[in-house]
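Contents: one structure, followed by commentary.
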Amino acid sequence: MAGDQKPPNTGGPGDSPSGAGQGWTALSYLIGGMLVWGFIGWLVDRWLDTGGIATGVGVVLGMAGGIVLVVRRLGTPT
Numbered sequence: 002m003a004g005d006q007k008p009p010n011t012g013g014p015g016d017s018p019s020g021a022g023q024g025w026t027a028l029s030y031l032i033g034g035m036l037v038w039g040f041i042g043w044l045v046d047r048w049l050d051t052g053g054i055a056t057g058v059g060v061v062l063g064m065a066g067g068i069v070l071v072v073r074r075l076g077t078p079t
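Using the numbering used here, read the sequence shown as starting at 2 and increasing by one per residue.
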């Protein structure tokens, strides 16, 4: 019936995505963290000539940061 329908989600800043949106959000946090911190590590490698060690450390830190973001943003179901 028309009166029983749920109003559409307005997508406010405090809303968390549901379903597949949560998966895409988690994936983007993980990949984004790896890319950003990996790039920062690569820059440090170029600056200090460490032979790729800083890039590896940056990627690992990016993955850890992405996991922290996923748990903080999506870990608690609403």
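The beta carbon of each residue, even a glycine, is placed where N, CA and C say it ideally should be.
Below 8 Å on the Cβ atoms is my contact criterion, and I expect residue i with residue j to pass it. Report the Cβ-Cβ distance as a whole number of Å.
i: Met-64; j: Gly-33; result: Contact doesn't hold; Cβ gap of about 11 Å is too wide.
Please state if the CB of residue j and the CB of residue i are separated by a distance shorter than 8 Å.
i: Gly-59; j: Gly-42; result: yes
i: Leu-31; j: Gly-67; result: yes
i: Asp-46; j: Gly-39; result: no
Using the beta-carbon count (16 or more within 10 Å), is residue i buried or exposed?
i: Ala-55; result: buried
i: Gly-24; result: exposed
i: Ala-27; result: buried
Please give me, in chain order, every unbroken run of the alpha helix (DSSP H) with length at least 4 that falls completely inside the segment 19-70. Within the segment 19-70, the complete alpha helix (DSSP H) runs of at least 4 residues are 21-49.
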